[in-house]
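Numbering (my numbering), first residue to last: 57 to 205.
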(Lines of atoms letter the chains of each structure in order from A and count residues from 1; the text may use other names and numbers.)
(Lines give C-alpha, C1' and ligand atoms only; values in the text may rest on other atoms or scores of the structure.)
Protein backbone atom coordinates (compact mmCIF):
# COMPACT_ATOMS: atom_id res chain seq x y z
CA UNK A 1 0.00 0.00 0.00
CA UNK A 2 1.26 3.48 -0.79
CA UNK A 3 2.21 5.83 2.01
CA UNK A 4 1.11 8.89 0.04
CA UNK A 5 -2.68 9.19 -0.21
CA UNK A 6 -4.01 8.69 -3.71
CA UNK A 7 -7.04 9.83 -5.65
CA UNK A 8 -8.17 8.55 -9.04
CA UNK A 9 -9.86 10.90 -11.51
CA UNK A 10 -11.90 9.25 -14.24
CA UNK A 11 -13.13 11.14 -17.29
CA UNK A 12 -15.76 9.43 -19.42
CA UNK A 13 -16.51 9.42 -23.13
CA UNK A 14 -15.93 12.48 -25.30
CA UNK A 15 -14.14 14.39 -22.56
CA UNK A 16 -10.97 14.01 -24.63
CA UNK A 17 -12.65 16.65 -26.84
CA UNK A 18 -12.97 19.14 -23.99
CA UNK A 19 -12.20 22.64 -25.24
CA UNK A 20 -13.19 21.79 -28.81
CA UNK A 21 -16.61 20.15 -28.41
CA UNK A 22 -19.50 22.49 -27.58
CA UNK A 23 -17.42 25.16 -25.81
CA UNK A 24 -20.65 27.09 -25.16
CA UNK A 25 -21.59 24.27 -22.76
CA UNK A 26 -18.26 22.89 -21.60
CA UNK A 27 -15.94 25.90 -21.86
CA UNK A 28 -12.59 26.40 -23.56
CA UNK A 29 -10.35 24.49 -21.13
CA UNK A 30 -8.90 21.23 -22.41
CA UNK A 31 -8.68 17.94 -20.56
CA UNK A 32 -4.94 18.55 -20.19
CA UNK A 33 -5.78 21.87 -18.51
CA UNK A 34 -8.10 20.09 -16.06
CA UNK A 35 -5.57 17.38 -15.27
CA UNK A 36 -2.76 19.92 -14.79
CA UNK A 37 -4.85 21.93 -12.32
CA UNK A 38 -5.73 18.77 -10.40
CA UNK A 39 -2.12 17.56 -10.35
CA UNK A 40 -0.90 20.91 -9.04
CA UNK A 41 -3.50 20.95 -6.26
CA UNK A 42 -2.91 17.31 -5.31
CA UNK A 43 0.87 17.59 -5.18
CA UNK A 44 0.73 20.77 -3.11
CA UNK A 45 -1.45 18.92 -0.60
CA UNK A 46 0.86 15.89 -0.49
CA UNK A 47 -1.40 13.60 -2.51
CA UNK A 48 -0.83 11.43 -5.56
CA UNK A 49 -3.31 11.70 -8.39
CA UNK A 50 -3.95 9.48 -11.38
CA UNK A 51 -6.11 10.81 -14.22
CA UNK A 52 -7.60 8.60 -16.90
CA UNK A 53 -9.94 9.37 -19.77
CA UNK A 54 -11.57 6.68 -21.83
CA UNK A 55 -14.35 6.42 -24.36
CA UNK A 56 -14.68 2.76 -23.40
CA UNK A 57 -16.78 1.66 -20.45
CA UNK A 58 -14.67 -1.41 -19.70
CA UNK A 59 -11.48 0.63 -19.36
CA UNK A 60 -13.17 2.82 -16.72
CA UNK A 61 -14.46 -0.26 -14.90
CA UNK A 62 -11.00 -1.87 -14.94
CA UNK A 63 -9.54 1.32 -13.42
CA UNK A 64 -12.15 1.25 -10.64
CA UNK A 65 -11.36 -2.41 -9.96
CA UNK A 66 -7.64 -1.64 -9.76
CA UNK A 67 -8.34 1.25 -7.36
CA UNK A 68 -9.92 -1.24 -4.95
CA UNK A 69 -6.55 -2.93 -4.53
CA UNK A 70 -3.90 -0.23 -4.92
CA UNK A 71 -4.60 1.96 -1.90
CA UNK A 72 -6.64 4.61 -3.69
CA UNK A 73 -8.67 6.51 -1.10
CA UNK A 74 -11.13 8.25 -3.38
CA UNK A 75 -12.44 8.48 -6.93
CA UNK A 76 -13.56 11.61 -8.71
CA UNK A 77 -15.59 10.59 -11.74
CA UNK A 78 -17.16 12.49 -14.58
CA UNK A 79 -18.89 9.58 -16.25
CA UNK A 80 -20.21 11.83 -19.05
CA UNK A 81 -22.85 9.98 -21.08
CA UNK A 82 -22.31 6.82 -19.00
CA UNK A 83 -23.95 8.73 -16.14
CA UNK A 84 -27.35 7.93 -17.60
CA UNK A 85 -26.71 4.43 -18.91
CA UNK A 86 -24.08 2.48 -17.00
CA UNK A 87 -25.23 0.10 -14.33
CA UNK A 88 -21.87 -1.63 -14.88
CA UNK A 89 -19.93 1.45 -13.69
CA UNK A 90 -22.33 1.76 -10.75
CA UNK A 91 -21.68 -1.87 -9.82
CA UNK A 92 -17.91 -1.34 -10.01
CA UNK A 93 -18.14 1.78 -7.83
CA UNK A 94 -20.29 -0.14 -5.33
CA UNK A 95 -17.35 -2.53 -4.89
CA UNK A 96 -14.98 0.37 -4.09
CA UNK A 97 -14.71 1.20 -0.37
CA UNK A 98 -13.37 4.75 -0.66
CA UNK A 99 -15.16 8.01 -1.31
CA UNK A 100 -16.70 8.74 -4.70
CA UNK A 101 -17.53 12.20 -5.97
CA UNK A 102 -19.43 12.60 -9.22
CA UNK A 103 -18.61 15.70 -11.26
CA UNK A 104 -20.36 17.27 -14.24
CA UNK A 105 -19.01 20.37 -15.97
CA UNK A 106 -22.46 21.54 -17.05
CA UNK A 107 -25.59 21.73 -14.95
CA UNK A 108 -27.22 18.55 -16.21
CA UNK A 109 -30.54 19.58 -14.63
CA UNK A 110 -30.81 22.53 -17.02
CA UNK A 111 -30.33 20.26 -20.03
CA UNK A 112 -32.31 17.53 -21.76
CA UNK A 113 -34.53 15.49 -19.45
CA UNK A 114 -32.63 12.24 -20.11
CA UNK A 115 -29.59 13.85 -18.47
CA UNK A 116 -31.48 14.35 -15.19
CA UNK A 117 -31.06 10.71 -14.12
CA UNK A 118 -27.73 9.41 -12.86
CA UNK A 119 -27.01 5.81 -12.02
CA UNK A 120 -23.69 6.96 -10.58
CA UNK A 121 -25.40 9.20 -8.02
CA UNK A 122 -26.74 6.06 -6.33
CA UNK A 123 -23.15 5.43 -5.15
CA UNK A 124 -21.66 8.92 -5.05
CA UNK A 125 -20.91 10.49 -1.68
CA UNK A 126 -21.24 13.88 -3.35
CA UNK A 127 -22.30 15.32 -6.69
CA UNK A 128 -21.02 18.57 -8.21
CA UNK A 129 -22.67 19.92 -11.35
CA UNK A 130 -22.59 23.19 -13.22
CA UNK A 131 -19.38 24.71 -11.85
CA UNK A 132 -17.38 24.14 -15.03
CA UNK A 133 -13.94 22.66 -14.52
CA UNK A 134 -13.89 24.23 -11.04
CA UNK A 135 -16.13 21.34 -10.02
CA UNK A 136 -13.18 18.97 -10.29
CA UNK A 137 -11.12 21.19 -8.00
CA UNK A 138 -14.00 21.43 -5.51
CA UNK A 139 -14.25 17.64 -5.47
CA UNK A 140 -10.51 17.25 -4.88
CA UNK A 141 -10.58 19.87 -2.13
CA UNK A 142 -13.41 18.02 -0.40
CA UNK A 143 -11.49 14.76 -0.55
CA UNK A 144 -8.25 16.28 0.72
CA UNK A 145 -10.02 17.99 3.62
CA UNK A 146 -12.05 15.00 4.73
CA UNK A 147 -10.12 11.83 3.91
CA UNK A 148 -7.47 10.68 6.31
CA UNK A 149 -3.95 10.19 5.08
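For each residue, glycine too, the CB sits at the ideal point set by N, CA and C.
I need the boundaries of the beta strand (DSSP E) containing residue i, first residue and last residue.
{"i": "residue 153", "result": "No beta strand (DSSP E) contains residue 153, which DSSP labels as neither H nor E."}
{"i": "residue 66", "result": "62-67"}
{"i": "residue 130", "result": "128-134"}
For residue i, which residues from the same chain have a beta carbon less than 7 angstroms from its beta carbon, with the 5 sequence-adjacent residues on both sides left out?
{"i": "residue 143", "result": "175"}
{"i": "residue 148", "result": "117, 120, 121"}
Excluding the 5 residues preceding and the 5 following residue i in the sequence, name in chain order all residues of the same chain whose CB lies nearer than 6 angstroms to its CB.
{"i": "residue 64", "result": "106, 123, 128, 131"}
{"i": "residue 76", "result": "none"}
{"i": "residue 205", "result": "Any reading at residue 205 needs caution, since the residue's pLDDT is 48, under 50, leaving its predicted position unreliable; the model's value is listed next. For residue 205, where only same-chain residues beyond five positions count, the Cβ hits under 6 angstroms are 61."}
Assuming contact is defined by CB atoms lying nearer than 7 angstroms, are residue i and residue j in contact in what I supplied?
{"i": "residue 90", "j": "residue 192", "result": "yes"}
{"i": "residue 61", "j": "residue 137", "result": "no"}
{"i": "residue 194", "j": "residue 160", "result": "no"}
Would you identify the three-state DSSP class for residue i, choosing helix, strand or coil?
{"i": "residue 57", "result": "Because the pLDDT at residue 57 is just 46, under 50, the model does not fix this residue reliably, and the point stays unresolved."}
{"i": "residue 181", "result": "coil"}
{"i": "residue 205", "result": "The predicted model places residue 205 with a pLDDT of 48, which falls under 50 and marks its position as unreliable, so this point remains unresolved."}
{"i": "residue 160", "result": "strand"}
{"i": "residue 70", "result": "coil"}
{"i": "residue 176", "result": "helix"}
Within the continuous alpha helix (DSSP H) that includes residue i, where are the two ends?
{"i": "residue 120", "result": "113-125"}
{"i": "residue 108", "result": "Note, residue 108: premise wrong, no alpha helix (DSSP H); beta strand (DSSP E) at 104-109."}
{"i": "residue 93", "result": "87-100"}
So, for residue i: in the same chain, excluding its five sequence neighbours on each side, which residues have a beta-carbon less than 8 angstroms away from its beta-carbon?
{"i": "residue 72", "result": "87, 109, 111"}
{"i": "residue 198", "result": "157, 182"}
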